[in-house]
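Chains as they are written, first to last, in my numbering: chain R, 1 to 172; chain X, 173 to 344. For glycine and all other residues, C-beta sits at the position ideal for the given N, C-alpha and C. Below is one structure, written out as structure tokens; the observations come after it.
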DNA sequence: AGCAGAAATGTGATAAGGTAACATATCCGT
DNA sequence: ACGGATATGTTACCTTATCACATTTCTGCT
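Okay, structure coming up:
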């Protein structure tokens with residue numbers, strides 16, 4: 001059997017990089033952030049975050065649950081949802097609504113405006129920095145006296161690799 | 173009991189206005205847009221759009237389905253999902269992911285960058301114009317060679333009325 | 001008009017995503 | 001050690017969404 005039970009077509013970032021390294025360094029930063037905030041990064045929560053970081057892609061709650069259960073934690077939906085909700089609240093993970101999925105935050109504690117770029121072909125999800133988007137959104141909201149507390153910005157399209165593949169194979 | 177079978181706390185725009193008027197004029201524009209595009213605005217589809225326009229708020233697929241069924245159309249989920257999907261594809265309606273809901277587009281055919289402002293207190297949803305957000309998003313995507321095809325931009329927060337209410341009742 | 005293919009609809013079944021509610025266990029300040 | 005707050009485990013259930021397939025309706029073509 002293959003190492004992962006499900007095929008994992010979704011690479012987190014579009015550029016190749018040292019997964020293990022970036023995962024562990026992000027994990028360390030996440031732990032520091034949690035401690036700073038006084039947030040309790042308990043075993044289930046920590047493990048959930050590790051799973052997201054290891055896979056380095058957007059994962060459904062049930063998918064995370066499966067892994068948690070395999071590690072000896074409860075195997076009921078709330079187990080995963082609670083851990084993930086905590087991570088999102090704490091800013092250690094994000095929810096990708098278009099995919100009904102969750103992904104570890106790559107910049108924990110940085111107070112950023114996460115924007116997700118989702119490739120419709122390979123499913124890869126990248127967390128891009130886009131302060132400008134936040135600024136523009138705030139301006140638009142202010143224009144109608146709306147107070148923004150949280151924002152979801154997600155773009156569906158083609159990642160560099162797939163746009164090339166499509167351009168070559170599709171038209172030509 | 174109130175005139176509507178379900179409580180409808182969600183006013184579409186934050187400012188009061190002539191619902192019936194804006195609904196019917198939007199509907200006419202939508203029909204024109206559909207014809208122009210060669211999109212078949214069949215009875216179910218048209219009725220689904222009417223329902224969204226009449227209610228003038230974000231509605232769940234099952235909620236729309238209920239109304240469609242009451243009007244003599246099929247009462248199975250695909251009926252609603254297909255009609256709604258068509259409307260979204262054609263740009264006559266939008267999907268509000270945060271609410272797992274759909275809302276009629278208020279500017280059909282205008283090629284706009286819809287941004288949804290969702291009040292977490294009263295549930296009102298407003299479709300705001302935000303060309304600047306689109307521009308910023310495109311720029312951020314271009315920076316990593318990502319090609320954007322569709323974007324979802326949603327902000328959760330407080331509408332003018334609720335921010336006032338909260339400010340008064342909450343703190344003070 | 002008659003026909004073939006495409007598009008749309010109706011329907012049943014079921015998958016996937018998400019919560020409510022409640023009991024139990026653990027942590028933390030006193 | 002005690003008591004409140006926080007976290008976890010578990011049962012049950014609700015909502016949202018999709019698949020598959022039969023049937024109908026539309027469209028362009030001859």
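Against chain R, the CB of residue 242 of chain X has no partner CB under 8 Å away; the residue lies outside that interface. Cβ proximity to chain R below 9 Å picks out 319, 320, 321, 322, 323, 324, 325, 326, 327, 328, 329 and 330 from the stretch 319-330 of chain X. Interface criterion met: the Cβ of residue 270 of chain X is under 8 Å from a Cβ in chain R. In chain order, 136, 139 and 140 make up the part of chain R whose C-beta sits under 7 Å from the C-beta of residue 304 of chain X.
Per DSSP, residue 91 of chain R lies in no alpha helix (DSSP H) segment and is marked neither H nor E. For the pair residue 311 of chain X and residue 132 of chain R, the CB atoms are nearer than the 8 Å cut-off. Within the stretch 31-113 of chain R, the runs of alpha helix (DSSP H) at least 4 residues long that lie entirely inside it are, in chain order, 43-55, 61-70 and 77-90.
Assignment of beta-bridge partners to residue 116 of chain R by DSSP yields R:127 and R:154. A direct Cα-Cα distance of roughly 13 Å separates residue 248 of chain X from residue 216 of chain X. Contact between residue 329 of chain X and residue 116 of chain R does not hold, since the beta-carbon distance rounds to 19 Å and is not under 8 Å. Residue 57 of chain R has a beta carbon lying at 8 Å or more from every beta carbon in chain X.
Counting C-beta pairs closer than 8 Å gives three or more between the stretch 108-127 of chain R and the stretch 87-94 of chain R, which meets the contact rule. Listed in chain order, the non-local C-beta contacts of residue 34 of chain R below 8 Å within the same chain comprise 40, 41, 90 and 92, local neighbours out to five positions each way being set aside. Taking all protein chains in view, the Cβ of residue 17 of chain R is surrounded by fewer than 16 other Cβ atoms within 10 Å, so the residue is classified as exposed.
Restricting attention to X:293, X:244, X:209 and X:239, the CA atom closest to the CA of residue 258 of chain X is found in X:209.
Residue 228 of chain X counts as buried, since no fewer than 16 other beta carbons sit within 10 angstroms of its beta carbon.
Distance from the CA of residue 306 of chain X to the CA of residue 222 of chain X, rounded to the nearest whole angstrom, comes to 28 Å. Residue 195 of chain X and residue 275 of chain X have their C-alpha atoms some 12 Å from each other. In this structure, residue 114 of chain R sits away from residue 14 of chain R, with a CB-CB distance that is not shorter than 8 Å. Rounded to whole angstroms, the gap between the alpha carbons of residue 250 of chain X and residue 199 of chain X is 23 Å. Going by DSSP, residue 163 of chain R is part of the alpha helix (DSSP H) stretching over 160-165.
Distance between residue 71 of chain R and residue 48 of chain R, taken at the CA atoms: about 10 Å. Here residue 319 of chain X is bridged, per DSSP, to R:158. Nearest CB-CB separation between residue 317 of chain X and chain R: below the 8 Å threshold.
For residue 296 of chain X, the closest C-alpha among the options X:314, X:273 and X:316 is that of X:273. Just measuring C-alpha positions, the residue of X:301, X:226 and X:313 sitting nearest residue 136 of chain R is X:301. Contact check for residue 84 of chain R against residue 61 of chain R passes: the beta carbons are separated by less than 8 Å. Judged by DSSP in its simplified three-state form, residue 191 of chain X adopts helix.
Against chain R, the CB of residue 245 of chain X has no partner CB under 8 Å away; the residue lies outside that interface. Scanning chain R for C-beta atoms nearer than 8 Å to the C-beta of residue 300 of chain X yields 140, 141, 143, 144 and 146, reported in chain order. Residue state for residue 293 of chain X is assigned as coil, using DSSP reduced to three classes. With respect to the 8 Å criterion, residue 321 of chain X and residue 120 of chain R are classified as neighbours on the basis of their beta carbons.
Not a single C-beta of chain X is nearer than 8 Å to the C-beta of residue 102 of chain R.
For residue 289 of chain X, at least one C-beta of chain R is nearer than 8 Å to its own C-beta.
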